[in-house]
Amino acid sequence: MSEVTQCLRLCQTCQRFGPNYDTFTKHRSVAYRPFEKIAIDVLDTGSVTSAGNKYIFLAIDYFSKWTFAMATSHKNTETACEFVEECIFRQYGAPEVLISDNGREFTSVQFKALLTKYGVKQSLSSPYYPQSNGVVERSNRTILGKLSKEIFDSAKEWDRILSKAIFAQWCCIIRDLGYSPYEILFGCTPNIGVRNLKNAKRLGSIGEMHEKLISKYAEDELNAKRKGRSVTDLEVGSKVLLDIQRNNTKG
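When the letters of the sequence shown are read in order and numbered with the working numbering, they come out as residues 226 to 476.
Have a look at this one:
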């Protein structure tokens with residue numbers, strides 16, 4: 226090992242702020258059919274509307290990237306149960322797995338009882354590695370970005386345009402997949418107004434589309450495992466640095 230390499234490895238500043246190349250094999254939660262796995266989260270918009278809404282309960286289907294959202298004034302177990310049961314389970318059926326963080330609204334006895342009632346297994350993302358629930362985190366950023374562009378013109382009444390942002394999410398082509406969530410679920414592009422009715426495009430067999438997606442997800446999972454690296458062996462008494470994840474979202 227060269228002196229330069231050794232110096233860089235021992236540099237505490239480099240260890241704290243430099244990129245981490247000796248990484249764990251990243252955990253990937255892969256789904257192979259619509260609504261098999263759903264991730265859920267709640268975010269604080271930082272803006273209270275005239276209706277009193279401040280939070281957005283948000284969920285996303287791992288397979289199709291279909292998004293569910295509900296504006297609310299409360300961030301508690303009762304609201305979490307209402308969102309999951311009314312907006313997801315009773316409209317699309319219960320998933321096999323529901324992925325969430327360790328928030329109180331998702332770890333309470335009442336919430337767990339609801340999941341048990343519908344036969345849903347809960348998977349909690351690690352509090353020390355919140356990126357493990359990354360699919361819903363990316364959706365959060367996308368929706369908040371769209372809302373932010375509209376909030377100024379709507380006098381901060383973001384809850385009135387939430388459905389518009391969600392619909393745009395449904396219709397947006399996912400670059401890595403080549404389809405929109407709407408197309409993945411229904412096999413055609415949505416009809417937006419009478420003018421576009423004749424231009425609605427059928428995409429062929431939904432089964433064929435799903436087979437392509439399954440193959441891609443399987444390939445992505447394999448590539449992720451290949452890129453993952455083993456953890457450096459540590460001995461008892463070894464000194465390590467603890468990376469404290471700071472949550473910038475209020476609430």
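By construction, the Cβ of each residue, glycine as well, lies at the ideal position given by its N, Cα and C atoms.
Here the structure is a predicted model, which is why all the values come from computation and not from measurement.
Residue i burial status per 10 Å Cβ neighbour count (16 or more: buried)
{"i": "Asp266", "result": "buried"}
{"i": "Val334", "result": "exposed"}
{"i": "Gly328", "result": "buried"}
{"i": "Arg400", "result": "exposed"}
{"i": "Tyr257", "result": "exposed"}
{"i": "Gln316", "result": "exposed"}
{"i": "Pro406", "result": "buried"}
{"i": "Glu436", "result": "exposed"}
{"i": "Ser289", "result": "buried"}
Endpoints, alpha helix (DSSP H) assigned at residue i
{"i": "Leu387", "result": "Leu387 to Cys396"}
{"i": "Ala338", "result": "Val334 to Lys342"}
{"i": "Pro415", "result": "Taken as a continuous stretch (DSSP letters only), Pro415 belongs to no alpha helix (DSSP H), as it is neither H nor E."}
{"i": "Glu303", "result": "Thr302 to Glu307"}
Selection from the options that minimises the alpha carbon distance to residue i
{"i": "Leu349", "options": "Gly403, Ser333 and Ile324", "result": "Ile324"}
{"i": "Ala390", "options": "His299, Thr292, Lys342 and Phe308", "result": "Thr292"}
{"i": "Thr270", "options": "Tyr343, Leu438, Thr302 and Ser298", "result": "Ser298"}
{"i": "Val309", "options": "Lys290, Glu330 and Ser289", "result": "Glu330"}
{"i": "His382", "options": "Val255, Ser275 and Leu268", "result": "One detail in the question is off: residue 382 reads as Glu in this sequence, not His. Ranking the options by Cα distance to Glu382, first place goes to Ser275."}
{"i": "Ala319", "options": "Thr341, Thr302, Glu303 and Thr332", "result": "Thr341"}
{"i": "Met295", "options": "Phe392, Leu438 and Cys396", "result": "Phe392"}
{"i": "Asn416", "options": "Lys337, Trp395, Ala305 and Asn278", "result": "Trp395"}
{"i": "Asp225", "options": "Ile409, Thr414, Glu433 and Ser440", "result": "One cannot answer for residue 225 here, as it falls past the ends of the chain, which runs 226 to 476."}
{"i": "Ala338", "options": "Leu438, Glu311, Ile313 and Cys306", "result": "Cys306"}
Residues bridged to residue i [DSSP beta-bridge criterion]
{"i": "Lys262", "result": "Val322"}
{"i": "Ile281", "result": "Leu268 and Ala296"}
{"i": "Tyr404", "result": "Ile399"}
{"i": "Asp286", "result": "Ile263"}
Range of the contiguous beta strand (DSSP E) that encloses residue i
{"i": "Leu349", "result": "Lys346 to Leu349"}
Exercise. Pairing CB atoms from the segment 254 to 265 with CB atoms from the segment 316 to 323, are three or more of them under 8 Å?
Worked result: yes
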